[in-house]
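S.K.: Shown below is the structure under consideration.
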Amino acid sequence: VQFGADTTEESVDRAHRFIEWLTGDKGYARDRIRVAKSKQEGGTSEHLWAIREGGLGSTAFPPDGKDHWPGWEDSAVPPDRLGEYVRKLREVMDRHGIKGAMYGHFGQGCIHCRLSFDLRTADGLATYRAFIEDAADLVVALGGSVSGEHGDGQQRGELLEKQYGPELVQAMREFKAVWDPQAKMNPGKVVDPYRMDENLKLGTDYNPPRIPLKFAYPEDGGDFAHATLRCVGIGKCRVPRAETTMCPSYQVTREEKHTTRGRARLLYEMLKGDVITDGWQSKEVKEALDLCLACKGCTNDCPVNVDMPTYKAEFLHHHFKSARRWRPRYAYAFGFIDRTARIASRIPELANIATQTPGLSRLAKLAAGIDRRRPLPRFAPMTLQDWFARRGGTANPTGRPVVLFPDTFNNHFHTQVGVACVEAIEAAGWRVIMPEQHICCGRPLYDYGFLDTAERYLRRVLDVLRPELRAGTPVVGMEPSCLAVFKDELPKLLPHDDDAKRLTRNAYHFAEFFQTFGIRPPALDGKALLWGHCHQRATGGMSPDRQLLEDMGLEVNDLQGGCCGLAGSWGFESGKYEISLDCGEQALLPAVRDAEDDCVVVADGFSCKTQIEDAGTGRRALHVAEVMKLARDLRGRSPHAVPGRPERNGPSRPTPPWRERALRVSAAALLGAAVTALGVRAARH
Ligand code: SF4
Ligand code: SF4
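Here the sequence shown is numbered in the numbering used here, starting from 1 and rising by one per residue.
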């Protein structure tokens, strides 16, 4: 029960009088009553409101597997008759064999509920109609209204004669006819309404085609069509401010087709086949999905967990199945970046000449379909795996084992992060195991629908890690989006593989590993601005990172809302530069610009860090492991104990001896010259 009043004191006083009434007149034990204070008063009552706001989602798809639908979701009666109404409504539900939970605004007598209507069979539709008519009779008899706070729409238009009587509805009809004699304005509502059981999303003719799928959709009984019905339409994904991650594309474009809801609706229409008639080949659906960043915001923030990144990957897989249909160039460039990076890292100096020299880099971007304004990432002088092997493996051969997954981004680009991760884990006494082979979770492949290849990559990961998985060794990720594959995509793609289940159960984001195993981090004084990668927010959240930094002694500002806008390779794709930066401007980039000089900017995601640098904020974000290294180097002193921004004192990438680098560049130059000479000679002949 919430109490409102003109002043805080008055509302608290009312609450206490209510408690006295409950414990005195009603005989409730005091320990059965909890008083929740609002956030402004240092309380946590917003957690209770989160439960209330989750009402719709949790009543839509209850665990018994039977879907609950709207239809009688907004009735209201005078508040003093609410008890009587609820009891009698339950009787009506029982009479028709209908189930459902109720919630709402009891102080105003308004009840919300979704009920277990069967909207796919003729019998079910007859029951639906009979129930709604009985419920409407009940509400009218109690002096209430069939719609409490929302509109009548088509669903309850037919009931208005019960509520207002035929004479008043006729008056409305005549009034409307004066202004709209040809009944062109919003026909079928209020007067001469459509029937409540026509134009339904489902109905007796609902039978969308089902094709073999790549993902398992366990929450939807393995049915993609059911997944497209998941959206309950309340539009939490249409919030224009970046309060949650969902939905960054709408936060920028403000267009319905770029909301999670709009995309879900288009996928539904695609399967239904009435409006969109070319099914999985639809260009309209592809266009709407193109601006989906696959950030996973909806999988966490939407009340019914609409999983648009999975639907997008599934769609692209089928859309591009035909050998005659090619994906955009950037799909190949980024989807297989693990392979390109593997080749480039043999002579990274040459690769960097191609990607960093003006003119050459322009050509490289053109070939790869990358926006010309995006700087290309620089390859590290040596890979993390190479560094680890050269130092002779782990420094703690007798410690407790943990697998550190060498993702493409920290293995080939941000190797200083990888080194910091190894050292942070070893400083805690653990033995780091790093696979020596080429290994990749396939993260970028999902974004472009290369799902057969992604599955092969995952099977290889399982092959390589199998002994450790079966031994129960924890697997730690440095890059949140790669680790998220093991928590999210893996069980959906290989739902019946026990080793996959072992990996999902034993996979930890970097800070999560430290928190789970109770490892104390080194001390560091000062302030930190923490930015969570969207995939991490959706697969475990940022509390472990915040807690770890606080345990170190830092004062943490845990920034919420929106996406950095780079979202893997999405912001690199040609045509997405502006919108990518606009996404970042919703929350992250202004906060980084405003951060004080001695504040450590912390971000674990490769894309988030890249966006912070590319957007010209003048700051470089550090991975949590780099912050821990900074702490060990500074031995607990504040970062402002040393001059300059904290990142200036962050670790740098490991480098092989200069002789080795000179040798391999010379060898490559000689090889290039020889190939050119042979080419010229062949051309002459
Ligand atoms: S997709 Fe949007 S409208 Fe649909 S249920 Fe989720 S938040 Fe609500
Ligand atoms: S994945 Fe992100 S961008 Fe795509 S629909 Fe969900 S919230 Fe929106």
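For each residue, glycine too, the CB sits at the ideal point set by N, CA and C.
Quick one: using the 10 Å Cβ neighbour count with 16 as the cut-off for buried, is residue 59 buried or exposed?
M.R.: Taking the first residue of the sequence shown as position 1, residue 59 is located at position 59. Residue 59 comes out buried.
S.K.: Taking C-alpha atoms, which residue in 244, 282 and 235 lies nearest to residue 262?
M.R.: Indexing the sequence shown from 1 puts residue 262 at position 262. The residue with the shortest Cα to Cα distance from residue 262 is 235.
S.K.: Would you mind giving the Cβ-Cβ distance between residue 476 and residue 486, rounded to the nearest angstrom? I have them listed as a contact below 8 Å.
M.R.: As a working mapping, residue 476 is identified with position 476 in the sequence shown. As a working mapping, residue 486 is identified with position 486 in the sequence shown. That pair is no contact at about 11 Å.
S.K.: Can you tell me whether residue 248 sits near ligand 2, meaning its C-beta is under 6 Å from at least one heavy atom of the ligand?
M.R.: By 1-based counting over the sequence shown, the position of residue 248 is 248. Yes; taking the cut-off as 6 Å, the Cβ of residue 248 has a heavy atom of ligand 2 nearer than that.
S.K.: Counting only the same chain and skipping the five closest in sequence on each side, list residues whose C-beta sits under 6 Å from that of residue 606.
M.R.: For the purposes of this step, residue 606 is taken as residue 606 along the sequence shown, with counting starting at 1. So the qualifying residues of the chain are 409 and 479.
S.K.: Flag this pair as touching only if the region 163–173 and the region 97–107 have three or more C-beta atom pairs under 8 Å; answer yes or no.
M.R.: No: the two stretches stay apart, fewer than three of their Cβ pairs being nearer than 8 Å.
S.K.: Assess contact between the region 342–355 and the region 530–543, defined as three or more Cβ pairs (one per stretch) separated by less than 8 Å. Is contact present?
M.R.: No: fewer than three Cβ pairs fall under 8 Å.
S.K.: Which value, in whole angstroms, describes the spacing of the CA atoms of residue 559 and residue 207?
M.R.: Locating residue 559 in the sequence shown gives position 559, where the first residue counts as 1. Locating residue 207 in the sequence shown gives position 207, where the first residue counts as 1. Taking the straight line joining both Cα atoms gives about 45 Å.
S.K.: At what residues does the alpha helix (DSSP H) containing residue 693 begin and finish?
M.R.: No statement about residue 693 is possible, as the shown extent of the chain runs from 1 to 685 and does not include it.
S.K.: Just checking, does the region 414–423 make contact with the region 482–500 on the three C-beta pairs under 8 Å criterion?
M.R.: Touching, no, given that fewer than three Cβ pairs across the two stretches are closer than 8 Å.
S.K.: What is the residue span of the alpha helix (DSSP H) that residue 419 lies within?
M.R.: Within the sequence shown, numbered from 1, the residue matching residue 419 stands at position 419. Looking at the DSSP string, the run of the alpha helix (DSSP H) that includes residue 419 is 415–427.
S.K.: Under 7 Å between the Cβ atoms of residue 155 and residue 196?
M.R.: Position 155 of the sequence shown holds residue 155. Position 196 of the sequence shown holds residue 196. Yes, Cβ-Cβ distance for residue 155 and residue 196 is below 7 Å.
S.K.: Could you compute how far the alpha carbon of residue 577 sits from the alpha carbon of residue 564?
M.R.: As a first step, residue 577 must be located in the sequence shown, where it is residue number 577. As a first step, residue 564 must be located in the sequence shown, where it is residue number 564. Rounded to the nearest angstrom, the two C-alpha atoms are 12 Å apart.
S.K.: Determine whether the beta carbon atoms of residue 369 and residue 330 lie at a separation below 7 Å.
M.R.: Against the sequence shown, residue 369 aligns to sequence position 369. Against the sequence shown, residue 330 aligns to sequence position 330. Going by C-beta atoms, residue 369 is nearer than 7 Å to residue 330.
S.K.: With respect to 6 Å, is the separation between the Cβ of residue 309 and the closest non-hydrogen atom of ligand 2 below this value?
M.R.: Within the sequence shown, the letter at position 309 stands for residue 309. Yes, the Cβ of residue 309 comes within 6 Å of a heavy atom of ligand 2.
S.K.: Any chance the CB of residue 297 is under 6 Å from a heavy atom of ligand 2?
M.R.: Translated into positions along the sequence shown, residue 297 becomes position 297. Checking the Cβ of residue 297 against ligand 2 gives yes.
S.K.: Mapping DSSP to helix, strand and coil, what is residue 431?
M.R.: One-based indexing of the sequence shown puts residue 431 at position 431. Of the three classes helix, strand and coil, the one that applies to residue 431 here is strand, per DSSP.
S.K.: Taking 6 Å as the line, does the beta carbon of residue 292 fall inside it for any heavy atom of ligand 2?
M.R.: The residue labelled residue 292 in the question sits at position 292 within the sequence shown. Yes, the Cβ of residue 292 comes within 6 Å of a heavy atom of ligand 2.
S.K.: Taking 6 Å as the cut-off, is the beta-carbon of residue 260 closer than that to any non-hydrogen atom of ligand 2?
M.R.: In the sequence shown, residue 260 corresponds to position 260, counting from 1. Yes, the Cβ of residue 260 comes within 6 Å of a heavy atom of ligand 2.
S.K.: Take the Cβ of residue 277 as the centre, count every other Cβ of all protein chains shown within 10 Å, and call the residue buried at 16 or more, exposed below.
M.R.: Taking the first residue of the sequence shown as 1, we reach residue 277 at position 277. Counting Cβ neighbours within 10 Å, residue 277 comes out exposed, since fewer than 16 surround it.
S.K.: Beta-carbon separation of residue 228 and residue 200 under 7 Å?
M.R.: Along the sequence shown, one-based indexing puts residue 228 at 228. Along the sequence shown, one-based indexing puts residue 200 at 200. No, the Cβ-Cβ distance between residue 228 and residue 200 is not below 7 Å.
S.K.: For residue 425, decide whether its Cβ has a neighbour in chain D, counting only Cβ atoms nearer than 7 Å.
M.R.: The displayed structure is made up of one protein chain only, and chain D is not part of it.
S.K.: Give me the DSSP bridge partner(s) of residue 508.
M.R.: As a first step, residue 508 is located in the sequence shown; it is residue number 508 there, counting from the start. Answer is 476, bridged to residue 508.
S.K.: Flag this pair as touching only if the region 114–133 and the region 66–74 have three or more C-beta atom pairs under 8 Å; answer yes or no.
M.R.: Cβ pair count under 8 Å is three or more, so yes.
S.K.: Report the start-end ranges of each alpha helix (DSSP H) in the region 79–145 that is 4 residues or longer and not cut off at the edges.
M.R.: Counting whole runs of 4 or more residues, the region 79–145 contains the alpha helix (DSSP H) stretches 82–96 and 122–141.
S.K.: Go through its chain and collect everything with a Cβ distance to residue 365's Cβ below 6 Å, but skip five positions before and after it.
M.R.: Here residue 365 refers to the residue found at position 365 of the sequence shown. Only 372 meet the Cβ criterion.
S.K.: Quick one: what's residue 326 bridged to in DSSP?
M.R.: Mapped onto the sequence shown, residue 326 falls at position 326. Partner(s): none; residue 326 has no beta bridge.
S.K.: Measuring only the C-alpha atoms, how far is residue 97 from residue 254?
M.R.: The count along the sequence shown starts at 1 and reaches residue 97 at position 97. The count along the sequence shown starts at 1 and reaches residue 254 at position 254. The straight-line gap from Cα to Cα measures roughly 42 Å.
S.K.: Put residue 491 into one of helix, strand or coil per three-state DSSP.
M.R.: Looking up residue 491 in the sequence shown gives position 491. In this structure, residue 491 counts as helix in the three-state DSSP scheme.
S.K.: Assess contact between the region 430–439 and the region 376–390, defined as three or more Cβ pairs (one per stretch) separated by less than 8 Å. Is contact present?
M.R.: Segments in contact, yes.
S.K.: Just to confirm the assignment, what range does the alpha helix (DSSP H) spanning residue 202 have?
M.R.: Walking along the sequence shown from the start, residue 202 turns up at place 202. No alpha helix (DSSP H) holds residue 202; DSSP gives it neither H nor E.
S.K.: Quick test of your reading: residue 426 and residue 395, contact by CB under 8 Å. State the CB separation rounded to the nearest angstrom.
M.R.: By 1-based counting over the sequence shown, the position of residue 426 is 426. By 1-based counting over the sequence shown, the position of residue 395 is 395. Between residue 395 and residue 426 the Cβ distance is about 5 Å, and since that is below 8 Å, they are a contact.
S.K.: Is residue 125 buried or exposed, if buried means 16 or more other CB atoms sit within 10 Å of its CB?
M.R.: Here residue 125 is taken as the residue at index 125 of the sequence shown, counted from 1. It counts as buried.
S.K.: Here's the rule I'm using: 16 or more other beta-carbon atoms within 10 Å means buried, otherwise exposed. How should residue 121 be labelled?
M.R.: For the purposes of this step, residue 121 is taken as residue 121 along the sequence shown, with counting starting at 1. Residue 121 comes out exposed.
S.K.: For the region 41–60 against the region 79–90, do three or more pairs of beta-carbon atoms, one drawn from each stretch, fall closer than 8 Å, so that the two count as touching?
M.R.: Segments in contact, no.
S.K.: Where does the unbroken beta strand (DSSP E) through residue 531 begin, and where does it stop?
M.R.: The residue given as residue 531 occupies position 531 in the sequence shown. Per DSSP, residue 531 belongs to the beta strand (DSSP E) from 526–531.
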